[in-house]
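Residue 113 in our numbering sits at position 75 of the sequence shown, with consecutive numbering throughout. Positions of the beta carbon are idealized from the N, C-alpha and C atoms, including for glycine. Report on the following structure.
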Amino acid sequence: MNEALIKFNELNEDQFRYGGIKYSSSNEKEATDCLFDVYGFKWLIGTVHKYIYRTKNLARERDLLKIACYQFIIWLKRGYHLNQLGSEIPINTTVKVKTESFSKFSEYISNYYTLNENYLQSYLDEGEALSRISEILENMADFNWLDITEETLLEIYCLSFIYWNNKYYKTNTAGNDTDTFNEKKGFKEN
């Protein structure tokens with residue numbers, strides 16, 4: 039697997055592990071699952087789109103990582119870790135479920151990236167990558183739950199990676215602004 043993609047995946051794993059601390063609710067659900075139950079999947083899509091604007095305005099690594107991490111969460115909620123067709127019923131995404139499924143997701147990402155590298159590389163420009171993600175998210179706003187394809191989620195994740203790779207990894211600044219574990223503030227991974 040691509041060294042930069044391995045690092046990007048590691049940073050995203052930190053995102054969901056730390057999110058499990060920030061947004062815990064119960065052993066069965068995290069806050070994302072509770073909000074999903076109340077507001078539906080479009081809440082998640084809108085949240086991801088918010089991070090596009092924050093990335094454009096602030097150019098912070100943490101927002102780009104959140105865009106990618108939410109693709110993993112939606113991939114899980116859609117049930118693609120269970121079978122190729124996903125699940126009609128949304129799956130709860132506890133840290134346990136995320137941890138058990140992230141290696142499978144990482145494999146799928148690596149394969150998708152390898153098969154679509156030329157297409158993805160056509161979005162090397164940061165603005166073009168973010169515009170393409172915005173376009174996909176706007177289309178998703180008209181989707182039904184079952185319309186969300188695995189390929190769509192993998193594309194957004196990989197486009198986020200393309201942007202991150204050029205802006206942070208290649209400039210040796212990756213991992214400096216992640217909004218994850220900060221022991222100085224008393225946060226520690228369990």
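Cutting at 6 Å between CB atoms, please list the residues of its own chain near C107, excluding the five before and the five after it.
Around C107: N50, Q53, F54.
Are the CB atoms of Y118 and E188 nearer to each other than 8 Å?
yes
CA-to-CA distance, N149 to F140, given in whole angstroms:
14 Å
Indicate whether L43 and F143 have their beta-carbon atoms separated by less than 8 Å.
no
Rounded straight-line distance, which links the Cα of F46 to that of G124:
25 Å
Let me know if N130 comes out buried or exposed under the rule of 16 or more other beta-carbons within 10 Å of its beta-carbon.
Its Cβ being crowded by 16 or more others within 10 Å, N130 is buried.
Just the C-alpha distance for N182 and N210, rounded to the nearest angstrom, thanks.
40 Å
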